[in-house]
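S.K.:
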Amino acid sequence: MYPFHSLDYESPSTYKDVNDDDNNSDEDDDDGAIVDLGFPSRQTEEGIEIVGSYNGMICLLYLLDCFVLWNPTIKDSIELPTPHFSISYIDFYFKGFGYNSSIDDYKVVIASREEGNPNVQSTVELFSLKQSSWKVIGGLQNGLVIEAEQLGTCLNGDLHWLARCDTTSPIEKRLIASLDLGTEEFSEISIPDCYDRSLFFHALGMINGCLSLLADERDWREVGLWVMKEYGVRGSWTKLVILPTENLLFRDYLVPVCFTKAGDILIDVDGRRVVRYNLEQKTIKKLKTRSVHFIDWVLYDESLISPSSHNRISSV
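Numbering (our numbering), first residue to last: 1346 to 1661.
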């Protein structure tokens, strides 16, 4: 059994009752709800992490050892060159993969620091698929600190992460850090004006082509999904829906995935399951998966874009 599977989240047959046994990995898949995608290159199921996806290409990190770009539709992949620093003692505390149409280039971004030394200034490296090389770029300024263990959200040619300002102020300022993949410079995007700075943010993502934030409401009894309807305009943040948390049964975090055509919302619950929540009926179904522990997911559209023909690296 391969660790990579494709699921059509619009199909009713992709879901099962929320009370069904999660450990039943041998359930009938004859309806095509789950499709094996095979392996992109290295034949291992251990230590694989999804970094991001764009235009049908998926970026993977293997055992903190190498990065691979893979298009599962055409079964084409490339292994990227090793970054400049020694991976064996590096902690990647934020990463991202995206595309900038103004330069027609795909880029991988990693921020690293020595393991066990979180106070040491981070090094930000960027890989250009067109140039087939890594380079160190300017880091964060003005006391900006990106929250640890985040994957970037790519929108409008920029990668975005939740961040905070590390200042002497007793009240912590929260915001969004943005990296322009064209100019390779960082900037800041404001969160909603109405937010109490003590509120906990579950996730930054993209919903219906807009930046989105999920944050707690009413002492964790509800979470609000906010979207930035006009990119870069602080006043355009709008609370789209409020979700009661009682039936979601989460422990640590929630991540909005997307809306279906029927208006239901898909939510990642603690990295253990993805559920489909019907806003009108307040009912929940969960995606069929073959994982009995943790899942890693990414949205992708099928395409014919070849990672090996977009640059000078040979396919693997």
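Just so it is clear, CB atoms sit at the ideal spot from N, CA and C, and this is done for glycine as well.
Could you tell me the boundaries of the beta strand (DSSP E) in which S1398 lies?
M.R.: Per DSSP, S1398 belongs to the beta strand (DSSP E) from I1393 to Y1399.
S.K.: Between Y1645, D1615, E1567 and V1572, which lies nearest to K1627 when the distance is taken from Cα to Cα?
M.R.: Of the listed residues, the one whose Cα sits closest to K1627 is E1567.
S.K.: How big is the Cα-Cα spacing for R1618 and Y1354?
M.R.: If I take the Cα positions, the gap works out to 13 Å.
S.K.: Just to check, is the beta-carbon of R1618 closer than 7 Å to a non-hydrogen atom of the ligand SAM?
M.R.: Inclusion of the ligand SAM in the displayed structure is not the case, the ligand content being empty and no account of it being possible.
S.K.: Measuring CA to CA, which of E1575, G1484, I1491 and G1616 is closest to N1553?
M.R.: N1553 has its Cα closest to that of E1575, out of E1575, G1484, I1491 and G1616.
S.K.: Starting from N1416 and walking both ways along the beta strand (DSSP E), at which residues does that stretch end?
M.R.: Note, N1416: beta strand (DSSP E), C1411 to N1416.
S.K.: Are V1469 and V1481 close, meaning C-beta to C-beta below 8 Å?
M.R.: Yes, Cβ-Cβ distance for V1469 and V1481 is below 8 Å.
S.K.: Considering only C-alpha positions, which residue in the set W1415, G1577 and S1581 is nearest to L1524?
M.R.: Measuring from the Cα of L1524, the nearest candidate turns out to be G1577.
S.K.: Whose C-alpha, out of G1443, I1491, L1471 and S1557, is nearest the C-alpha of C1510?
M.R.: Looking at the Cα atoms, I1491 is the closest of the given residues.
S.K.: Would DSSP call G1443 helix, strand or coil?
M.R.: Strand.
S.K.: Just to check my reading of the structure: L1504 and I1521 have Cβ atoms closer than 8 Å, yes? What is that Cβ distance to the nearest angstrom?
M.R.: That belief does not hold up - the Cβ atoms of L1504 and I1521 are roughly 11 Å apart, past 8 Å.
S.K.: So, helix, strand or coil for P1357, using DSSP?
M.R.: Looking at P1357 - three-state DSSP - the assignment turns out to be helix.
S.K.: For K1630 and D1362, what's the separation of their Cα atoms in angstroms?
M.R.: Approximately 5 Å, taken between the alpha carbons.
S.K.: When we look at the beta-carbon of Q1495 and count the other beta-carbons within 10 Å, is it buried (16 or more) or exposed?
M.R.: It is buried - the Cβ of Q1495 has at least 16 other Cβ atoms within 10 Å.
S.K.: Going by C-alpha distance, which of P1652, W1479 and Y1451 is nearest P1428?
M.R.: Measuring from the Cα of P1428, the nearest candidate turns out to be W1479.
S.K.: Within 10 Å of its beta-carbon, does K1420 have 16 or more other beta-carbons around it, so buried, or fewer, so exposed?
M.R.: The residue in question, K1420, is exposed, as its Cβ has fewer than 16 Cβ neighbours within 10 Å.
S.K.: For A1456, does the count of other Cβ atoms within 10 angstroms reach 16, so buried, or fall short, so exposed?
M.R.: Classification of A1456: buried, given that the 10 Å Cβ count is 16 or more.
S.K.: What is the DSSP secondary structure of R1579, reduced to helix, strand or coil?
M.R.: It is helical.
S.K.: Per DSSP, which one or two residues make a beta bridge with W1479?
M.R.: Paired residue(s): F1472.
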